[in-house]
Amino acid sequence: MTSGSRDSWNVLVIGGGHAGLEAAWAAAKSARVALLIGNPATVGRMPCNPAVGGPGKSQLVFEIQALGGLMGRLADDTAIHTRVLNASKGPAVQSLRVQNERDAYAQRAQDVILGHPGIDILRGEAADLESDGRGGWWVITTDGRRFHARSVVIAAGTFMRAVTWYGRQSRPEGRQGEPPARFLSAPLARAGHTLKRYKTGTPPRVRADSVRFSDLLEIPADPQPRGFTGRPGPRASESPTWQTHTTPTTHALIQANLHESPMYAGDIEGLGPRYCPSIEDKVVRFAHHDRHLLFVEPDGIQTSEVYLQGFSSSLPPHLQDGLVRTLPGFEQAVIQRYAYAVEYDVVESTELTLNMESRRLPGVFTAGQINGTSGYEEAAAQGLVAGVAAARRAEGLEEVTFPRESSYLGVLLDELVFKGSQEPYRMMTSRVEHRLLVRQDNADERLTPYAVQLGLVGEQQASAVTAKYMRVAAATRQLETQRAQGQTGDAWLRRPEFSLEDVEALGIQVDGLTDEEREALQIRVKYAGYIERTERQLRAEAHAQGLSLEGVDYSRVAALSNEARETLARLQPQTVAQAGRISGVRHADISALLVHLKEQRVSRET
């Protein structure tokens with residue numbers, strides 16, 4: 001680690017959270033990089049839940065891994081519990097979730113980043129940005145130092161003009177005990193960026209020795225652990241997690257004290273996440289439910305704390321003590337760190353390019369929660385994109401983009417830039433139209449060749465991926481050419497009740513595949529018809545994107561949602577592609593438009 005012996009870099013990254021880590025790591029593959037942080041001990045910290053992955057999120061992590069990123073590797077190295085969620089459903093929605101040892105994850109991140117010979121560590125707080133007049137930027141710190149870079153990535157997380165709330169008491173913090181980024185909002189606003197206030201929160205941490213685990217529902221790890229890298233960590237099945245629930249007493253106590261919540265008292269102006277609401281929001285919005293499930297997650301193998309997933313709150317500490325003790329198994333609970341809400345500035349993401357570059361400040365990129373997203377995984381994905389783009393800009397290389405049709409990453413970028421967000425944005429499988437084609441299991445096949453072109457992975461990794469899918473293709477041919485009881489192996493495997501093991505029990509042989517390759521084979525064979533149909537639909541949609549909407553009477557388009565009908569009539573997009581990028585217009589609405597255009601064409605021809 002150096003202390004800034006050079007005063008000019010290709011890329012300077014501000015912030016050492018999940019977005020900043022990936023930005024610095026990706027940029028350092030080809031450029032000279034500096035990482036400006038306030039305290040190296042906070043690099044890689046997991047301030048919310050100590051876990052990576054889950055529905056819609058694991059797909060992003062597998063894609064980050066395929067693109068040479070860090071998150072999957074850090075998660076696997078420090079895993080203590082892994083489960084495949086939605087395992088009984090189709091492969092399009094199956095998602096890996098990895099519980100991590102919180103402190104070990106941060107330490108591993110620091111070992112990788114702080115010891116990287118191509119990343120210079122600068123300690124300080126960014127106060128201002130100043131153009132050098134030649135396409136580059138000066139980053140000026142609060143103590144007056146000036147650092148020069150051709151490109152800058154701002155990965156400020158939840159820190160910009162941040163305030164934490166414990167009940168109706170607040171203080172300037174970026175998260176518990178850490179100072180906010182006091183000045184970064186000003187240069188962004190001065191350049192014409194629209195800034196919004198968002199809010200998020202975190203649950204309390206409870207002393208593990210005060211919890212009666214025998215009263216909780218234990219959730220074991222999968223017996224055969226999975227990993228994002230294909231190499232699960234040595235302790236990936238070592239710990240269970242648990243489940244408890246709220247009670248009518250919990251709900252009554254919250255309802256009686258809503259006036260002490262800064263959200264309900266009107267103190268917080270920021271918009272909170274719809275898909276990860278506070279416990280107060282759950283009780284108010286879903287008053288007809290008499291209980292809400294909560295997940296009890298360990299912070300580590302030897303940890304003194306457990307984390308109450310689903311119980312984020314901004315109520316004051318004295319109420320949190322009583323609330324937690326209404327939960328089964330927590331009657332004697334002792335809170336070690338109280339829940340809080342944090343309010344912070346975000347930029348309007350529609351003012352960015354698909355590479356996360358500011359349209360107001362060329363050469364300045366933003367990544368992570370500063371762009372209005374929530375979650376470690378969304379932040380890391382943006383960080384990788386911004387880091388790659390910033391390095392390429394610094395080197396005078398052409399821009400690259402990630403298509404929506406071929407990655408979750410592309411969907412994330414497309415929605416941020418063209419649709420924006422009115423609340424912290426969370427990646428979900430339902431946002432992805434062609435999710436059967438962009439599963440977590442084939443992220444390496446889809447994106448590794450792209451990563452090679454960008455210089456993000458080496459030939460060794462690329463060759464391993466090529467060899468993997470050559471073996472899968474060879475095994476597919478084996479199934480197609482062998483018969484049992486008059487049917488080919490692939491025909492047997494397409495039966496819903498048959499697994500690859502069942503086919504092999506019939507005497508059909510498939511040689512030399514790893515567990516991952518066997519899974520890939522089963523998915524390709526079982527879902528071949530659906531995959532082919534989706535690919536045809538995708539090709540048809542690609543052709544249709546340029547179709548004109550001139551003269552379309554949206555009131556006469558059957559199956560349009562009311563929101564889409566009103567929005568399209570008001571904005572009058574010229575093409576189907578433009579319509580698809582309008583907030584409130586969903587994939588089903590585009591399908592309805594295409595049917596309408598086809599009917600019009602047929603009517604004219606007859």
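First residue of the sequence shown: 1, per full-length UniProt numbering; consecutive thereafter. We treat Cβ as the ideally placed atom computed from N, Cα and C, and that holds for glycine. In this text, all values refer to a predicted model and were calculated from it rather than measured experimentally.
Integer-rounded CB distance, given that residue 367 should sit under 8 angstroms from residue 382: As a working note, residue 382 is residue 382 in the sequence shown. As a working note, residue 367 is residue 367 in the sequence shown. Correct: roughly 4 angstroms between the Cβ atoms.
Residue interval of the beta strand (DSSP E) (run including residue 53): The residue you call residue 53 lines up with position 53 of the sequence shown. That run of the beta strand (DSSP E) goes 51–53.
Where the beta strand (DSSP E) through residue 131 begins and ends: By 1-based counting over the sequence shown, the position of residue 131 is 131. Segment 126–131, the beta strand (DSSP E) holding residue 131.
Spatially closest choice to residue 345 from 32, 184 and 151, by CA coordinates: As a working mapping, residue 345 is identified with position 345 in the sequence shown. Nearest to residue 345 by alpha-carbon distance, out of 32, 184 and 151, is 184.
Nonlocal neighbours in the same chain, by C-beta distance under 7 angstroms from residue 360, ignoring five residues either side: Position 360 of the sequence shown holds residue 360. Contacts found: 191, 192, 193 and 351.
Cα-Cα separation between residue 108 and residue 214, rounded to whole angstroms: As a working note, residue 108 is residue 108 in the sequence shown. As a working note, residue 214 is residue 214 in the sequence shown. So the alpha carbons of these two residues sit roughly 33 angstroms apart.
Residues that DSSP places opposite residue 298 in a beta bridge: Translated into positions along the sequence shown, residue 298 becomes position 298. For residue 298, which the question treats as bridged, DSSP gives the partners 306.
Per-residue DSSP class, three states only, for residue 275: In the sequence shown, the residue the question calls residue 275 occupies position 275. Here residue 275 sits in coil by DSSP.
Whole beta strand (DSSP E) elements within the region 306–367, 3-residue minimum: The region 306–367 contains these whole beta strand (DSSP E) runs: 335–337, 340–347 and 364–366.
CA-to-CA distance, residue 165 to residue 261, given in whole angstroms: Translated into positions along the sequence shown, residue 261 becomes position 261. Translated into positions along the sequence shown, residue 165 becomes position 165. Approximately 9 angstroms between the Cα atoms of the pair.
CB contact flag (residue 387, residue 23, <8 angstroms): Here residue 387 corresponds to residue number 387 of the sequence shown, with the count starting at 1. Here residue 23 corresponds to residue number 23 of the sequence shown, with the count starting at 1. In this structure, the beta-carbon distance from residue 387 to residue 23 falls below 8 angstroms.
Inter-residue Cα distance where the pair is residue 79 and residue 115: Counting from 1 along the sequence shown, the entry for residue 79 is found at position 79. Counting from 1 along the sequence shown, the entry for residue 115 is found at position 115. Taking the straight line from one Cα to the other gives about 22 angstroms.
Assigned secondary structure, residue 201 (DSSP; H/G/I helix, E/B strand, else coil): Looking up residue 201 in the sequence shown gives position 201. Residue 201: strand per DSSP, three-state reduction.
Residue 85 CB to nearest heavy atom of the ligand MG below 7 angstroms: Here there are no bound small molecules, and the ligand MG is not part of this structure.
Coil, strand or helix - residue 401 by DSSP: Mapped onto the sequence shown, residue 401 falls at position 401. Here residue 401 sits in coil by DSSP.
Contact between the region 80–98 and the region 450–463 (3+ Cβ pairs under 8 angstroms): These segments do not touch.
Residue 288, buried or exposed, once every other Cβ within 10 Å from all chains shown has been counted against 16: Taking the first residue of the sequence shown as 1, we reach residue 288 at position 288. By the 16-neighbour rule on beta-carbons within 10 angstroms, residue 288 is exposed.
Buried versus exposed call for residue 301 [16 or more other C-beta atoms within 10 Å across all chains shown]: As a working mapping, residue 301 is identified with position 301 in the sequence shown. When all chains shown are included, residue 301 counts as exposed.
Beta-carbon proximity check, residue 337 vs residue 205, cutoff 8 angstroms: In the sequence shown, counting from the first residue as 1, residue 337 sits at position 337. In the sequence shown, counting from the first residue as 1, residue 205 sits at position 205. The beta carbons of residue 337 and residue 205 sit closer together than 8 angstroms.
8 angstroms contact criterion, which residue 202 and residue 339 should meet: CB distance rounded: Mapped onto the sequence shown, residue 202 falls at position 202. Mapped onto the sequence shown, residue 339 falls at position 339. About 6 angstroms separates the two Cβ atoms, so the contact holds.
Opening and closing residue of the alpha helix (DSSP H) in which residue 463 lies: Locating residue 463 in the sequence shown gives position 463, where the first residue counts as 1. Membership of residue 463 in the alpha helix (DSSP H) is indicated by the continuous run 459–481.
Nonlocal neighbours in the same chain, by C-beta distance under 7 angstroms from residue 253, ignoring five residues either side: Along the sequence shown, one-based indexing puts residue 253 at 253. Only residues of its own chain outside the window of five on either side were considered, and among them 322, 323 and 326 have a CB closer than 7 angstroms to the CB of residue 253, listed in chain order.
Cβ-based neighbour list, residue 565, same chain, cut-off 8 angstroms, excluding 5 preceding and 5 following: The residue given as residue 565 occupies position 565 in the sequence shown. Only 554, 555 and 557 meet the Cβ criterion.
Residue range of the beta strand (DSSP E) that includes residue 243: The residue given as residue 243 occupies position 243 in the sequence shown. Secondary structure note for residue 243: its beta strand (DSSP E) is the uninterrupted segment 241–245.
Stretch pair the region 121–140 + the region 294–314: three plus CB contacts closer than 8 angstroms: Contact between the region 121–140 and the region 294–314 is absent, because fewer than three Cβ pairs lie under 8 angstroms.
Alpha helix (DSSP H) segments (min. 4 residues) lying fully within the region 501–534: Whole alpha helix (DSSP H) segments, 4+ residues: 515–526.
Helix, strand or coil at residue 37 [DSSP, three-state]: Working through the sequence shown from its first residue, we reach residue 37 at position 37. Looking at residue 37 - three-state DSSP - the assignment turns out to be strand.
Terminal residues of the beta strand (DSSP E) in which residue 147 lies: Taking the first residue of the sequence shown as position 1, residue 147 is located at position 147. Counting along the chain, the beta strand (DSSP E) containing residue 147 begins and ends at 146–154.
Contact check, residue 594 vs residue 542, beta carbons under 8 angstroms: On the sequence shown, position 594 is the one that residue 594 refers to. On the sequence shown, position 542 is the one that residue 542 refers to. At the C-beta level, residue 594 and residue 542 stay beyond 8 angstroms of one another.
Residue from 406, 146, 42 and 418 whose Cα sits closest to the Cα of residue 356: For the purposes of this step, residue 356 is taken as the residue at position 356 of the sequence shown. Ranking 406, 146, 42 and 418 by Cα distance to residue 356 puts 418 first.
Three-way DSSP call (helix, strand, coil) for residue 585 in this model: The residue given as residue 585 occupies position 585 in the sequence shown. Assigned with DSSP and collapsed to three states, residue 585 falls in coil, not helix or strand.
Test: residue 603 CB closer than 8 angstroms to a CB of chain C: Looking for chain C here will not work: only one protein chain is present.
Supposed contact pair residue 365 and residue 503 - C-beta distance, whole angstroms, cut 8 angstroms: In the sequence shown, counting from the first residue as 1, residue 503 sits at position 503. In the sequence shown, counting from the first residue as 1, residue 365 sits at position 365. Between residue 365 and residue 503 the Cβ distance is about 49 angstroms, and since that is not below 8 angstroms, they are no contact.
Contacting residues, own chain, Cβ-Cβ under 8 angstroms from residue 476 (five flanking each side not counted): Locating residue 476 in the sequence shown gives position 476, counting from the first residue. If we look at residue 476 and ignore the five residues flanking it on each side, its Cβ neighbours are 490, 521, 524 and 525.
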